[in-house]
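Take a look at the structure set out below.
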Amino acid sequence: MGRWIVTARLPALCIVIAWLGTVSSPLRADNTQAFLDGLRQRELHDVALDLLTALRDDPKTDKALRETLDYEFGVTLIGAARRLPLEQREQQLEKAREHLETFLREYPQHRLAESAIRNLTDLKTERGEALLNESRQAGKTPDDKRWLRERARAVFEESRKSLKEIDARLVKKKQHFNKLETDDPALIAQLHQLVGEMLLTRLSLSKTYYNIALTYEPGSREYVTLLREARGEFSKNYWKYSRWLGGYAFRLEQARCYRDLGEYDLALEILEALARPNSDDEDAFRRIRVAAAKMAMEIYLLPKVKQYGKAWEMFQQWEATFRRTRIIEDAIPELSYLGGEAALELARNLDGNDPNQSRLRNMYRKRANELITTAARYPGEYQLKARLKLNDPLLAEGDLRIEPPKNYEEARDRANLAWTQSLAADLKPEQVERLRAEAAVCLRYALDHPPEEIKIDELNALRFQRAYLDWIEGNYFNAAVVGEFLAEHYTEQPEGRKGAEIALAAYTGMLQEAPSGEDVSFETARITRLAEFAARHWPDDSPADAARLTLLRLAVAEKNPEKARDLLGRFSLDSPRRGEAELLAGQALWIEWLRLNRLPEDTRPGKDQMTKLLTDARLLLTEGIGRQKQSIAPEGEAPYALAAAALSLAQICLEQDQSAKAVEWLEDPKVGAYLLAKSDAAEFNRGNFRIEAFKAALRAFVAADRLEAAEQALEALEKAAPSDNLTQIYIALGRELESNFKQALAAGDRVKTDRAARGFDLFLTRIAGRPAEQITYQALLWVAETFIELGNSLSPAAGPLSPEGQQLYAKAAMAYGRIIDICRKDKEFAPREGVATAIQIRLARCIRRLGKYQDALDLLVEILAVNPDLLNAQIEASRTYQDWGTEQPGYYLFAIRGGRKTQLKNGEIIYLVWGWNRIAIRVQYSEPHKDTYYQAKYNQALCRLKYAMALDGKQKNEQLRLAESDILLILKLRPDMGGRTWYNQFDQVLKQIQAGLGVAADKRGLAAAEKAISGKT
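When you read off a place in the sequence shown, starting at 1, and then add 1, the result is the number in the working numbering.
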C-alpha cells in the first residue's frame, strides 16, 4: 500500500455515523453488541478492540457474533485511525481493509456485506483525497499536479461506481422489507439499520461528485459544472432526508459547494441556520452545529467577505458552550483560532490613537492573543497556523514592561500600592491590567526574598494577594494551593477565611475548565473537604455554602437529581444561600423529569413517581424564588438565573394543567419570564430564554382562554425567533397544543375541548395568514396537514366527516390553495420543482373528503391534461369517482373504466382518467409499483361489488360474477396476492361477493378457492 497523506475526512460522514450509532451493527440477544457500540460512540476504540479480541479468543462466543468479528474489527480500526499520527494511521487503515475483505470473502451474502463494501470504498475514497492533497503541495510541477489529479479522479469515479452498485442492492433489500408487515422488534431494528446504511451510502456517493469536481482547476468550466452537480446531489438528498437528523449532513455539504463556487451569501444562509448552539441538542446534531460554525467563520474571515464582526459574534455564541461536551471540547482549537483571528482583525480596523476606540481595540487584541495562544497549545491542523499568527505585529503591540524591584521593601511597597490602586472603581481595563502586572512582579519578588524578621501577618497578606492575582489570571492550581495553605495554617486570621474562599473559587475554576468526560474526582474531593472544613471553622460565614453551591451546580450539570437533593439538605433553612440552592435543586429535578418524559412510555417510571418528581421540582422552585425575590430592589430587575427558574416553574404549571398559575408566574412583576423577555435587557438574550418564554406564554394564554394575549405572545415569538427556525418552533408548539386538544377530547371535557380548539384554531389560522414574504412552504404545508389530522380525529374512523371535521378540512383546503397561489407567483417559494402539482393533488383529496367530487375531479383533470402519466393524480381521480359512487352508484363504473373523454391529435378518443382497471394494467409489470397494482385490483373488485348491490336480479349477478372472476384470476396468476395485508382484504371482499351470489359459507373466500384450484375438496 502506498504512502497516504493525511487529509481531513468528510466531517459530515463522521456526523452521520455518530447519529446512526449502532445502525451498521448486527443485533444480538445479549448486551455485547450494545456495549461495543457504546464504546465506539464514546471513542473508546482501544477498549472496543480489546473486547473484540477477547470475543475472538473465547470459544463460547455466539456463532452469529463470531461471523461478524472481522467486520467489527474493520469498523473499529477505521474509527480509531482518525486520531492517530500518519504512519500509525496508515498501518491501522491497512489492517481495517484486511479485516473487511476477510469478512466479505467468508460471508459475501451477509446482511452487513453492503456496509463492509461501503467502508472499503470510503477507504479507497480517502486514498483519492490523499492524492488530491498531495497535488496541492508546494514544489510540484504542473505535470506532476495534473498526473496526481487524474489518478485521484480515477479513484473517485471507481468509488462512485461501487457506491451506486451498493445503493441499488440496498434499495432491493428495502423493497423486500416493504413487503413485510411485522411487529417483530428484531426485524424493525434491521429495517432501521438498512435505512441508516442507505443514508451513509448516499452521503458517500454524493461526496464523490464533490471530490471529482476538486480534481479540476478551481474556476475552470469542469470545476464549476461538477460542483453544481455535486450541490444538486446534496440538495436532492437533503430534501429526501430532511425529516431525519442525518439529512442535515447533506445540507452542510451543500453549503460547502456554495462556498467553493464563491456563492458566499447562499452558503452562509444555510450555515447560519445550522450553527447556532443549543444546549438541548443531542450530540449528533451538536457535531453538525460545530462543523457549520467553523465553516461559517472561515467564510466570514475570507478576504472577499471580511465580515469580522459576524465571525466574532458567532464565536462568542460558542464560547459559552466550551467544556460542555467532548464534541465541543474537541472543536476548541479550531473555534479559538478562528475567534482569535476575528478579534485580531476587528482590532486592526480600530484606531489606537482615538480614545473612543483605543479601549475596544486593546480588548480585541488581548482576546485575540488569548485565543490564538490557546489554539497553539493543541496539536493538529490549527497549531502551526496559530503559532505563525502569534508573530503578528499587532499582538506584540503594547506589551507591558515592569521594572523589577531591587529589594524586599521596595517590592512590598510597590505591590501594596499597585494592589490598592487596582481596586479603584473608575479605572480603565488597560490601567487595571498594568497595575495587576506591577503587583504580580513585585509580589513574586517579595515572597522569594522575605527578610528573617518579617511578621507573619505581613507575609500572609502578601500570600493572599498573590493567590488572588493567580486566581484572576486563571492560574487556578497555584491559587488553590496557597489559599488552602492559608485556610488550614492560619484559620483564626482574616487571611485564613479569605484563603478558603480563594481556594474554593480556584478549585471551582479547575472543575469548570476540566474537559468533558475527564476525571474530576480530585477537584470535587478538594471542594467537598474545604466545604466541610469551612462549615466547622466558620459555620455562620459563606465559604462552606459557596462550596456546596459549586457541588450543587456540578450535580445539575451531571444530571444527578439525587445528589442535588442530598446537597440541598446540607444548607440550613436560614442560610443566605438557601434560596439559590433550592433553585438549583429544583432545576435538577425538572431537567430529570424532562429527560424521563422523553423516554418511550413503556420505559418511563410509573405515573406516581413522575408526578412526585414534578411536584417536588415545583415546590423547590417556588420556595427558592420566594427567598430570592426578597433580594431584588424595588426598581431592580431579576437576575437571569432567577428569571430562568420562574420560567421553569411556569412550564411545570403547564405540565400540571394549571394554566392560570402559569400565567401568574409568567406575568409576575419581579420575576415574570414573559415580561422580562419583552424587555430590552441584554441579560435575557442568553440561549433560548426569550423564545421559550414566549412559547410558554402562548401555551398558557391559549389554555386560559386569553386569546388576545395569545396573539400578542405569538407576535413576540415571531420577532424573537430566527426566521429559519420559526417553522420548527411552530411545529413543536403546534404539537403541544394539539396534545392539549386531544387530551381534553379524550377526557370528554367539552369546556376544555372547545377552549383548546379555539386556541389551536387561532394558532394555525394565524400562521396560515402570514404575508407571503413571511411564510415558508414548510409552515403552510404543516398547517394544512395539521388541519387534516385534526379533522380526522374529530370524525368517525370510517364514513363522512363530522361537522367539526368539515370545518377543519375546509381550512386545510384554503391553506393548500394558498400554497399553490404563492408557488405560481414566486418560483423560489417551493423547495423543488413539481411541488405545486403535488399540493394540487392533496387539495383535490381534501375537497373529495368534503364531498365536492366535481370540483376535486376538475383539479385533477387539469393536472392530467398536462401530465396524464402522473400516477398519484390517476389514483386520486379514481378514488374520487369511487367515493362519488356512494351518492350516485353509476360513478362506480367510472372508477373502474375511467372518465373525462378527450380527443388526441390523431383523432382518437381516450379517457383522461384511467380508472382502476387501466391503472392496474399500466403498473402490472413494474416491481416498484407492485403495491399500486394490488390497490387498483382490490378497489376494482370493491367498486363492482358496491355497484352490484345497487342493482337487482340478473344485472346484479352479472356484476358480482365479474368481481369474483377478477379476484380469482389474480389468485391464479399471483397466488401470494401481494402479501398478508392485501390477501386478507381480497379475502374479505370475495366472501361478500360470494355471499351475494349465494355460495355456501364453507365455499367462500380465498382459502376455499385455493383448494378448488389445486383440485382438493
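For each residue, glycine too, the CB sits at the ideal point set by N, CA and C.
Compute the Euclidean distance between the alpha carbons of residue i and residue j, then round it to the nearest angstrom.
i	j	result
R901	A937	19 Å
Q308	I300	8 Å
P12	A292	Residue placement at P12 cannot be trusted, given a pLDDT of 45 that sits under 50; what the coordinates show is reported in the next sentence. Each residue's alpha carbon lies about 7 Å from the other.
L78	E166	25 Å
R119	L550	51 Å
T903	S1015	45 Å
A369	L345	5 Å
L262	V225	7 Å
L50	Q92	15 Å
L552	R67	46 Å
P495	A468	14 Å
L969	R981	16 Å
A996	A1008	15 Å
F74	F104	10 Å
E668	K679	11 Å
N598	L802	34 Å
V924	I768	40 Å
R700	S966	58 Å
W472	K499	13 Å
Q631	E581	12 Å
V76	R41	9 Å
D953	K992	19 Å
L600	L738	20 Å
Y365	G310	11 Å
V557	W245	30 Å
E335	A426	36 Å
So residue i is in the alpha helix (DSSP H); what residue range does that whole segment cover?
i	result
L655	641 to 656
S136	114 to 136
S221	First-last for S221: undefined, no H or E at that position.
E410	409 to 423
F486	477 to 490
Name the one or two DSSP bridge partners that residue i has.
i	result
Q255	According to DSSP, which records beta bridges pairwise, Q255 is partnered with nothing at all.
I592	None, per the DSSP bridge assignment.
V914	G900
Can you tell me whether residue i is buried or exposed, with buried defined as 16 or more other CB within 10 angstroms of its CB?
i	result
V752	exposed
E198	buried
E959	exposed
N350	exposed
G999	exposed
G749	exposed
D352	exposed
I271	buried
D414	exposed
T787	buried
K720	exposed
S116	buried
I189	exposed
D31	Residue placement at D31 is flagged as unreliable, the pLDDT there being 47, under the threshold of 50; a coordinate-derived value is accordingly withheld.
F478	exposed
R252	buried
L303	exposed
Using beta carbons (cut-off 8 Å, strictly below), is residue i in contact with chain C?
i	result
K720	Among the chains in the structure shown there is no chain C, since it carries only a single protein chain.
Quick check on the DSSP output: the beta strand (DSSP E) that includes residue i runs from which residue to which?
i	result
Q904	900 to 904
Quick test of your reading: residue i and residue j, contact by CB under 8 Å. State the CB separation rounded to the nearest angstrom.
i	j	result
L206	Y217	The Cβ separation is near 19 Å, so there is no contact.
Y810	I789	7 Å
A332	K295	7 Å
A896	G908	Contact flag wrong, Cβ pair sits at about 27 Å.
L531	E485	7 Å
L718	F702	Their Cβ separation, rounded to whole angstroms, is 12 Å, which puts L718 and F702 out of contact at 8 Å.
R880	R849	7 Å
L149	S136	4 Å
L487	G497	6 Å
T142	D168	Rounded, the Cβ-Cβ distance is 38 Å, inconsistent with contact.
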